[in-house]
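According to the working numbering, the sequence shown holds residues 70 to 372 in order. Ideal placement from N, C-alpha and C gives every residue a C-beta, glycine not left out. Have a look at the structure below before the remarks.
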Amino acid sequence: MRVLTFLCVFSCFTACGQISLYQDLSEEDANEMLVLLSEHNIKANKKKETRQNEIFYSVEVSPNDMPRSRQLLVEHNLPRRRELGLDGVYKEKGLIPTPDEQKARYLLALKGEIINSLERIPDVVDVDVVLNLPTQDEFASRAANEIKRPTASAIIKAKPGLTVRSAISEAKIQQFVANAIEGLNPRDVSVIISYISSGTPTLQPGDVLSLTTPTREGSSFSPEEQGQELLGLSLNETSKSKLKLYFLIFFLLLVLLSTALIIVIVQGSRLRRELSQTRDMRTIEGRVVETPRQLQEGEEEEL
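Written out as structure tokens, the structure reads:
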């Protein structure tokens, strides 16, 4: 009986336990995974391990969430690939390198510095940079050296959002890469920016995407999402409320204008009546004074 009880309890804990999703991670990579899984409502834990005086981290999730978690890590390119950069490339010193090897190591280090800097931008998932720095001939003419000008290409994969769209643009990336390479013109930098889809299934080669328009009878939307029709226009709840407010404001303005027009008409008619009464008033009567007749010679004035 005790054995059966122990097996039942052990099976319950095993079923409810978590398994390792990824191991040998840095703390930064582990934190990025935890944030991503938390955004998609997946519960995950970070476990710390110490081996040979080095600290590693692992991320654990529930067995039921394992397929979805792996899919999210692949879509968001986690853990990030860290480029060597200048410190990593020139860290190991060997025999005297040839000029070609020295140039290759310099290009690799410069590429790593640019990629690591661009990946620090929030919501940037993956970055790849291709550099072309031709060797300038000291004995060639200036026109020949201008033909061999340096060029660069950058491919950036990011999450869609306002933050990354304001921080990343073709002009900004061109200027950033040009400032990192001596003699590079921003116009000679090609930039490709792509945004990953969030929660939308991607199409593989040969797949066909079928778009169907829901009918009025078989629509899966709620009445609030479907909206209502007014004068041939489809309105949802938010638009309908705004439209009612606009109609109310328009009606109040119409009432005010009508009242003002009536007042003006009444005052105008009253003023016309007063003017007509003033014109019809009788004039004041007065005496007319006649001009005396002038006497001619030999006539006497009659009394």
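- The alpha-carbon of A329 is positioned some 16 Å away from that of R339.
- Just so you know, the alpha carbons of K117 and S127 end up roughly 7 Å apart.
- Rounded to whole angstroms, K115 and L103 show a C-alpha spacing of 8 Å.
- When Cβ pairs closer than 8 Å are counted between the two stretches, the segment 223 to 233 is seen not to touch the segment 248 to 256, the count staying below three.
- For the 8 Å CB-CB criterion, E144 and I265 form a contact.
- By the neighbour-count criterion, in which a residue is buried when 16 or more other Cβ atoms sit within 10 angstroms of its Cβ, Q92 is exposed.
- Ranked by Cα distance from S235, the options P191, S186 and L200 are led by P191.
- Bounds of any beta strand (DSSP E) do not take in L253, whose DSSP letter is neither H nor E.
- Buried is the label assigned to I184, since at least 16 other Cβ atoms lie within 10 Å of its Cβ.
- Taking E188 as reference, the option from S222, L326 and N146 with the minimal CA-CA separation is N146.
- According to the DSSP assignment, K115 belongs to the beta strand (DSSP E) that extends over A113 to R120.
- Taken through DSSP and simplified to helix, strand or coil, E129 comes out as strand.
- Here the alpha carbons of P255 and I262 stand approximately 16 Å from one another.
- Residues of the same chain with a CB within less than 6 Å of the CB of I225, apart from the 5 flanking positions on each side, are V196 and I262 in chain order.
- For S222, the enclosing beta strand (DSSP E) covers residues T220 to A227.
- For I111, the number of other beta carbons within 10 angstroms of its own is at least 16, and it is reported as buried.
- Counting along the chain, no beta strand (DSSP E) covers N110, and no H or E run does either.
- Under a 10 Å Cβ-count criterion, D134 is classified as buried, with 16 or more other Cβ atoms of the shown protein chains found around its own Cβ.
- Per DSSP, D93 is one residue of the beta strand (DSSP E) stretching across I88 to L94.
- Nearest to E96 by C-alpha distance, out of E123, I88 and Q244, is E123.
- In this structure, DSSP gives E97 a helical state, which the three-state scheme calls helix.
- Cβ-Cβ distances below 7 Å link V194 to H145, N146, K226, A227, K228 and I265 in the same chain, with the five nearest sequence neighbours on each side left out; the list follows chain order.
- With contacts defined as CB atoms closer than 8 Å, T204 and D257 fail to qualify as a contacting pair.
- Only buried fits Q243, as 16 or more other CB atoms lie within 10 angstroms of its CB.
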